[in-house]
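Under my numbering, the letters of the sequence shown match residues 2 to 276, in that order.
Below you'll find the structure, written out as structure tokens, and then a few comments.
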Amino acid sequence: MPPVRSRLLYVTDLAYPARGRRYGDEDVRLTARLREDHDLALCHPRDAAALMAAFDAVVVRNSGPVLGYPDAYEEFRSRALATGARVYNPLTGRADMAGKRYLLDLTAAGLPVIPTVDRPEDLHRLPAGDRYVVKPKQGADSIGLRVTTADRLPELADGTVLVQPHIDFLHEISFCFVDADFQYALHAPDPGRRWELRPYEPTGADLEFARRFIDWNTLGHGIQRVDACRAPDGGLLLVELEDLNPYLSLDALDDTRREAFVTAFRASLRRFLAA
């Protein structure tokens, strides 16, 4: 008798118009491999709440920023928590999954993150500079981000936005983890072309930096992406910790590294379903 195959609902927006990225291509290729282990159906994030009860687990992947469907996402999240539905990544993440407030918490804790405040009385905690970045707490994909000057900050820092110094960083690096295991790193050598990514071989110090945030998030299962920038002094600062639906840029990897990631992803899902 053949083994019982689990049923997965794979949430993705295949048509999401991401700049420099092809969400649909990545998910088509990933689901082709997951079908080797599971019975699988794809759905748009707006349909996930209505369909999830018929499946053993929900895998949230390239579903696009939840800003595009906040009510549908809240219904999905509330229903999943109420029914105990299995969601991968689990809905216990403390980072982007819960909004951008964690950047304030990490700043207060003294972790290596771009300094972030949200109130006028805290502006003095930011380093002095000519330019600052202001972005919504619920932002994603640079939606609503603007660059401004110091004199504008007291009126803008109203508690609904995050304020950070504008850093002329050397380059960005993304570290991808499956569960707590590092998989690969990519970097954008040209800050002005952030989606032209190339494989990056991290140093021991680089990995130690990234692991601090994976450990902080305490997410037992799932895919996480630690995005960092290389500051002018050579140190790394966290830009964001993506724990909801991180795009993986698998097309930037060679065949060996891409296959290693897919193998780790499949093994993680098996462990998640067996837990």
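Every residue gets a Cβ at the ideal spot worked out from N, C-alpha and C, and that includes glycine.
DSSP places His-45 outside both helix and strand once states are collapsed to three, so it counts as coil. For Tyr-103, the enclosing alpha helix (DSSP H) starts and ends at 103 to 109. The alpha helix (DSSP H) runs of length 4 or more contained entirely in the segment 148 to 202 are, from start to end of the chain, 154 to 157. Residue environment analysis places Gly-111 among the exposed positions, since fewer than 16 neighbouring C-beta atoms fall within 10 angstroms of its C-beta. Taking 4 residues as the shortest admissible run, the segment 227 to 259 contains no complete alpha helix (DSSP H) segment at all. Residues Asp-97 and Arg-226 of the same chain have their beta carbon placed closer than 6 Å to that of Glu-243, with the five preceding and five following residues left out of the count.
Boundaries of the beta strand (DSSP E) harbouring Val-12: 8 to 12, taken from the DSSP string.
A direct Cα-Cα distance of roughly 32 Å separates Arg-6 from Asp-72. Here the C-alpha atom of Asp-159 lies approximately 15 Å from the C-alpha atom of Leu-146. When beta bridges are read from the DSSP output, Ala-58 appears opposite Leu-9. For Ile-215, the secondary structure class from DSSP, reduced to helix, strand or coil, is helix. The alpha-carbon separation between Thr-93 and Leu-220 amounts to approximately 7 Å. Comparing alpha-carbon positions, the option among Asp-207, Arg-194 and His-39 lying closest to Gly-21 turns out to be Arg-194.
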